[in-house]
Every structure is written in structure tokens, then in C-alpha cells.
Amino acid sequence: MEIKTLARPDSDLRQSEAQAQLKAAYRQVFGNAHLFDDERSLSAESLFINGDLTVQGLVNALALSDSYRRLFFDANGPYRFVELNFKHLLGRAPRNQAELSEHVQILATNGYEAEINSYIYGAEYLEIFGFDTVPYNRGATSISGNSNITYNRTLALASGFAGFDGDKQSQLLCSIATNSTPRAAQRTPGPGDRNGQRYTIRWTSSNPVGLNRRVVQTSTAPYSSLSSVIQSIHRRGGSIASVTES
């Protein structure tokens, strides 16, 4: 008796879908960066193609890879790194200073892996993407529960289909600090001029003698110290009114 081995009718379709999801995951997680073969996570790719790893597991493996760490953690300050994690892993920008500071604190206290896992295994990720959907840029649509400012910040982080998230300066530092919509005119200094550029920060604090009014104060800082000065003001209970070039 002749026994015939029939191929699964959906095997080719499964492979095609897996390859498409794999390509989309690399594009989203790495912000359109071009990776050479030796920079790719080949073991995670193999597990995913064989059906032994969910999309969520694949995204986690890519974000914990040496290549992601080198491109986005080693090359950037904590503010920019957290910005990019929100974009790559949740498809949106940080909502406010508290959310940004929370993740900077996770990174500082618990380390790189804990910071990555806090997005991928968080309630928002599971609600929006589940186990089998590649994260995507949600700036193209209004995000439930988010303000118009968050929507505009998400658009400001977008680099376009062919763009690469290689800019090493925070794109939302001033916008989040002042709780304002990012403006295209507020250019982040480039590598050639950032070290010499100084910024004036106008902020208010409670009157130390307890009067029911706010006292306006002014601080100045070079770009290299801007994020730490802003964090210090927030820790003291201050509210930032504006950040402008001096």
C-alpha cells in the first residue's frame, strides 16, 4: 500500500505571513535601520518562522538584542532612549513628564532589560497588539485616552516610511517639559552646534513663605545639561512655563 505524505495546505501561507511579520517587526522595532546579516537576531527569527515564538516574543527578542542596545541605548541619552522605546514598542510618544520620568527611573534603577519588558509585557501593549500583532505607529489615527498633544508628539517622532531614527537628540524634551504641542520651528540643535547652545528655562515654584501665589524663576543651561536641569525642577515641585534658546 502506497502511503502519500501530504503537505499542510496552509504551510506556504504561514511562511509567507511569518516573513511579512518578520520584516514589519524589524522595520518597527529598529526604526527603519538597515541591518547586516550579522546584526540580525537569527535565532529568534528561526524560532518565529517555525512557529515557536509569538510576535510579542519576537519583538521582545529584537528589543533586547545587542543591535538594538548599540543603536538606541549606547548612542543616546536616557530621554531620547525612552522616547524611542515608546515609539518602537508602543507606537506612540510619551504622554507627559511623569510617564517619561517613570521609564527613565526604571532604566536607572532596574536596568535595560526591565525598561524594555515594561513596555512589551505591559497592559497597554497587550490590549492594543496582543500576542500576534506587530506594533505600529499609532500617530496615523487618534489614540483612545490620549490628548491631542500626545497625538502631535507621536507625529513629531515619526521619521517616515524610509526614514531612520538615528537622531541622537531628544525630539520632545521641550514639548513634554512645558506640556505643549511640539512645533516644527523649535529645532533641536545638531551635532555641530548643540554644545555651544544655551537655553533659558522659565519656571514657577510655590512661594517658600506659603503665600497663595507662584514665583516665576529663570534658569539657564547648555543643551548637554538641559534634561538634568528639567528633571531637577520637576523634583522640586516646579512647573516649567517655557524653554527657549538664549
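Residues in the sequence shown are numbered from 12 upward in steps of one, following the working numbering.
Idealized CB from N, CA, C, for every residue including glycine.
If you're wondering where the values come from, they're calculated on a predicted model, not measured in any experiment.
{"Asked": "Within its chain, find whatever has a CB closer than 6 angstroms to the CB of P233; leave out the 5 residues flanking it on each side and keep chain order.", "Found": "R209"}
{"Asked": "Can you tell me where the alpha helix (DSSP H) holding E135 begins and where it ends?", "Found": "134-139"}
{"Asked": "Provide the residue span of the alpha helix (DSSP H) that contains H45, from first to last.", "Found": "Here H45 belongs to no alpha helix (DSSP H), and DSSP marks it neither H nor E."}
{"Asked": "Quick check on the DSSP output: the alpha helix (DSSP H) that includes N148 runs from which residue to which?", "Found": "No alpha helix (DSSP H) holds N148; DSSP gives it neither H nor E."}
{"Asked": "Secondary structure at A232, three-state DSSP: helix, strand or coil?", "Found": "strand"}
{"Asked": "So is L53 buried or exposed if we call it buried at 16+ other beta carbons inside 10 Å?", "Found": "exposed"}
{"Asked": "From what residue to what residue does the alpha helix (DSSP H) around N128 run?", "Found": "123-131"}
{"Asked": "Are L46 and Y123 closer than 9 angstroms when you measure CB to CB?", "Found": "no"}
{"Asked": "Would you tell me roughly how many angstroms separate the C-alpha atoms of D49 and R106, rounded to the nearest one?", "Found": "36 angstroms"}
{"Asked": "Apart from the five residues just before and just after L137, which ones in its own chain have a Cβ nearer than 7 angstroms to its Cβ?", "Found": "none"}
{"Asked": "What residue range does the alpha helix (DSSP H) around R80 cover?", "Found": "Here R80 belongs to no alpha helix (DSSP H), and DSSP marks it neither H nor E."}
{"Asked": "Can you check whether the CB of V227 is closer than 9 angstroms to the CB of R213?", "Found": "yes"}
{"Asked": "Pick from T231, A36, I139: whose alpha carbon is nearest that of A72?", "Found": "A36"}
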